[in-house]
Amino acid sequence: MSVVSDSPVWRPFTQHALQPGAYKIAHAEGAWLSAEDGTRFLDAISSWWVITHGHRRPEIMQAIRAQTESLDQIIFAGFTHEPAEALARRLVEITAPGLDYVFYSDSGSTSVEVAIKMALGYWRNRGEARSRVIALEHSYHGDTIGTMSAGARSAFNAPYEPLLFDVGRIPFPARGAEQEALDALESACREGAAAFLVEPLILGAGGMLIYGADTLVEMKRICERHRVLFIADEVMTGFGRTGTLFACEQAGVVPDIACYSKGLTGGAVPLAVTMCRREIFEAHLSPERARAFFHSSSFTANPIACAAALANLDVWEKTDARERVARLCSMQEERIARFADDPRFSDARRMGTITALDLNVAQSGYLATISLDLMRFFNARGLLLRPLGPTIYVLPPYCVTGGELDLAYTAIDEAADEFGAAR
Ligand code: PLP
């Protein structure tokens, strides 16, 4: 087995003392990763939720190769280039009417950080003293200081707590407790917030927690009533994961600001955008330079990444991508259904192409060591699954076949016998 254990690389979200090794992948294709020695892994979590159509989708790889013939990174202030212009125009076309401007960055965290800054800049430039951010309990928006502040306080960010700013925290709208969440949002908004930041329909890293489109509709209405900007963090949900191109579509909700990243390039290369309503852009227009939007990064609108994103949009427009997503939704539904009344699990659930279920064990929370045991168990069976504590989820690329999905669910079944409470 190609495992690297003596390496200077410090890996993300990894306790090196417990997980010293990593499989060294030499090739990726479709739904599969192959290690140097030929060992294969079914990528059942789309390599941290980024790969949408499948690894190394030919049209996207070809667009990347072609773009390198004419452009590499170009400064993006005072200069622009066709891949960024064309991509912005197409994003405005395919997103809900009202998202009129596109700000480029390079990761999901940054796109959310940009959204928060846009919201605060908007209110400041309008001369209204609004700076409070409201967010959902269990939410995850990234690992920068601003996005950790908005995200749930947990083991992920405990050491950095002294740097994190306070946000208004709304209970998660679990089934039956929606009204409580909406009431809490209403009173937080009444106090005068700048923005409400939300992962639409499903909270990812918080444990694949699902709530209804009707609740999202109500959340938007409450924000409108109190003129609180509604920020949709579609970093994970965007580009098909919830069954529609964007999760907000299912609620007919048009956010004031929306963040997209992971699937924007089909997952091939890093790129992110924060899109916003015209009023937010216009609030930054002024003869005073100090009212400009002060955010940039060296790699803003990288042309090669923009070319990859354009090719990804072509895949959505010109191929059977939407049918594949619909097929995957049904294949996932058929497979998760068999665990609905299984006493070894709780809450077998599905949102679009994503399924999740909680293994009934004594431990809970992300740091539960059961997740390491499960990960090893799955890896040994040629599967890339990374449970969030006892929550096992399957979030595959859209090219996955029914037979490949069966490999994942058979292993989940076996894992429950090995680690879960008895049937
Ligand atoms: N927002 C959501 C909803 C996410 O799921 C993630 C990553 O998983 C992020 C933001 C952060 O994205 P990135 O890891 O690209 O910074």
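Each step along the sequence shown adds one to the number in the working numbering, with nothing skipped, and position 391 is 397. A virtual CB, placed ideally from N, CA and C, is assigned to each residue, including glycine. Given the structure is predicted, the values throughout are model-derived calculations rather than measurements.
By how many angstroms is the C-alpha of Phe-162 removed from the C-alpha of Asp-423? Distance between the alpha carbons of Asp-423 and Phe-162: 30 angstroms.
How about Ser-113: is its Cβ closer than 7 angstroms to a heavy atom in the ligand PLP? Closer than 7 angstroms to some heavy atom of the ligand PLP: that describes the Cβ of Ser-113.
Can you tell me whether Ile-81 is buried or exposed, with buried defined as 16 or more other CB within 10 angstroms of its CB? Ile-81 comes out exposed.
Using the Cβ count rule (16 or more neighbours within 10 Å means buried), how would you classify Thr-375? Looking at its Cβ environment, which holds fewer than 16 other Cβ atoms inside 10 Å, Thr-375 is exposed.
Where does the unbroken beta strand (DSSP E) through Leu-203 begin, and where does it stop? If you look at Leu-203, you'll find it in the beta strand (DSSP E) that goes 201-204.
Output the distance between the C-alpha atoms of Lys-226 and Phe-236, rounded to the nearest integer angstrom. Rounded to whole angstroms, the separation of the alpha carbons of Phe-236 and Lys-226 is 7 angstroms.
Flag this pair as yes or no: are the beta carbons of Ala-264 and Leu-270 separated by less than 8 angstroms? No, they are not a contact pair.
Tell me the residue span of the alpha helix (DSSP H) that contains Gly-174. Note, Gly-174: premise wrong, no alpha helix (DSSP H); beta strand (DSSP E) at 174-176.
So, under 8 angstroms CB-CB, Arg-96 and Leu-316 are touching, yes? Tell me the CB distance rounded to an integer number of Å. In this structure Arg-96 is in contact with Leu-316, their Cβ atoms being roughly 7 angstroms apart against a cut-off of 8 angstroms.
How many Å lie between Asp-172 and Asp-43 at the Cα? Taking C-alpha positions only, Asp-172 is separated from Asp-43 by approximately 49 angstroms.
Name the DSSP bridge partner or partners of Val-108? Paired residue(s): Met-281.
Which runs of the beta strand (DSSP E) at least 3 residues long sit entirely within the region 13-55? Give them in chain order. Those beta strand (DSSP E) runs which fall completely within the region 13-55 and span 3+ residues are 31-35, 38-41, 46-49.
Just to confirm, are Phe-202 and Ile-122 a CB contact at a threshold of 8 angstroms? It is not a contact, given that the beta carbons lie outside the stated cut-off.
Count the other CB atoms, across all protein chains shown, that sit within 10 Å of the CB of Asp-262; report buried if there are 16 or more and exposed otherwise. Flag for Asp-262 reads buried.
For Asp-379, which of helix, strand or coil comes out of DSSP? Helix.
Going by DSSP, what residue range makes up the beta strand (DSSP E) through Arg-356? That run of the beta strand (DSSP E) goes 351-357.
Hey, how far is the Cα of Trp-54 from the Cα of Met-281? Pairing Trp-54 with Met-281, the inter-Cα distance amounts to about 23 angstroms.
Quick one, are the C-beta atoms of Ser-40 and Ala-50 less than 8 angstroms apart? Their beta carbons are not under 8 angstroms apart, which means Ser-40 does not touch Ala-50 by this criterion.
List the residues that DSSP assigns as beta-bridge partners of Ala-141. The secondary-structure analysis by DSSP pairs Ala-141 across a beta bridge with Arg-175, Leu-203.
Within this structure, are the beta carbons of Cys-229 and Ala-102 separated by less than 8 angstroms? No; because the gap between Cβ atoms is not below 8 angstroms, this pair is not in contact.
Who are the Cβ neighbours of His-232 in its own chain at under 7 angstroms, not counting the five residues just before and after it? In its chain, beyond the 5 residues on either side, Cys-195, Arg-196 have a beta carbon closer than 7 angstroms to the beta carbon of His-232.
Could you tell me the alpha carbon to alpha carbon distance between Arg-17 and Tyr-29, rounded to whole angstroms? Between the alpha carbons of Arg-17 and Tyr-29 lies a distance of about 12 angstroms.
Between the Cα of Tyr-146 and the Cα atoms of Leu-215, Glu-186, Tyr-404, which residue gives the shortest distance? Measuring from the Cα of Tyr-146, the nearest candidate turns out to be Leu-215.
Can you list, in chain order, the residues of its chain whose CB lies under 8 angstroms from that of His-144, leaving out five sequence neighbours each side? Counting only residues of its own chain and dropping the five nearest sequence neighbours on each side, His-144 has a CB closer than 8 angstroms to the CB of Ala-158, Phe-178, Leu-209, Gly-212, Gly-213, Leu-215.
Status (buried if at least 16 other CB within 10 Å, exposed otherwise) for Thr-325: Exposed is the label assigned to Thr-325, since fewer than 16 other Cβ atoms lie within 10 Å of its Cβ.
Status (buried if at least 16 other CB within 10 Å, exposed otherwise) for Ile-310: Buried, by the Cβ-count rule.
Here's the rule I'm using: 16 or more other beta-carbon atoms within 10 Å means buried, otherwise exposed. How should Ile-418 be labelled? With 16 or more Cβ atoms within 10 Å of its Cβ, Ile-418 is classed as buried.
For Gln-369, tell me which candidate among Pro-393, Ala-346, Arg-355, Arg-356 has the shortest Cα-Cα distance. Answer by Cα proximity: Pro-393.
Could you give the distance in angstroms between the alpha-carbon of Ser-292 and the alpha-carbon of Gly-174? The straight-line gap from Cα to Cα measures roughly 31 angstroms.
I'd like to know whether the C-beta atoms of Arg-132 and Ala-289 end up nearer to each other than 8 angstroms. Yes, they are a contact pair.
Where Ala-346 and Asn-385 are concerned, what is the direct C-alpha to C-alpha distance, given to the nearest angstrom? One C-alpha to the other measures close to 25 angstroms.
Candidates Tyr-107, Thr-361, Thr-306, Arg-71: which alpha carbon is nearest Leu-334's? Thr-361 is the residue among Tyr-107, Thr-361, Thr-306, Arg-71 whose C-alpha sits nearest the C-alpha of Leu-334.
Name the one or two DSSP bridge partners that His-61 has. Per DSSP, Gly-36.
Excluding sequence positions up to five away, which residues of its chain have a Cβ less than 7 angstroms from the Cβ of Ser-160? Leaving aside the five residues that flank Ser-160 on each side, the residues in its chain whose CB is nearer than 7 angstroms to its CB run, in chain order, Tyr-372.
Buried or exposed by the 16-neighbour rule on C-beta atoms within 10 Å, applied to Asp-112: With at least 16 other beta carbons inside 10 angstroms of its own, Asp-112 counts as buried.
What does DSSP give as the partner residues of Ala-238 in its beta bridges? According to DSSP, Ala-238 bridges with Val-204, Ala-264.
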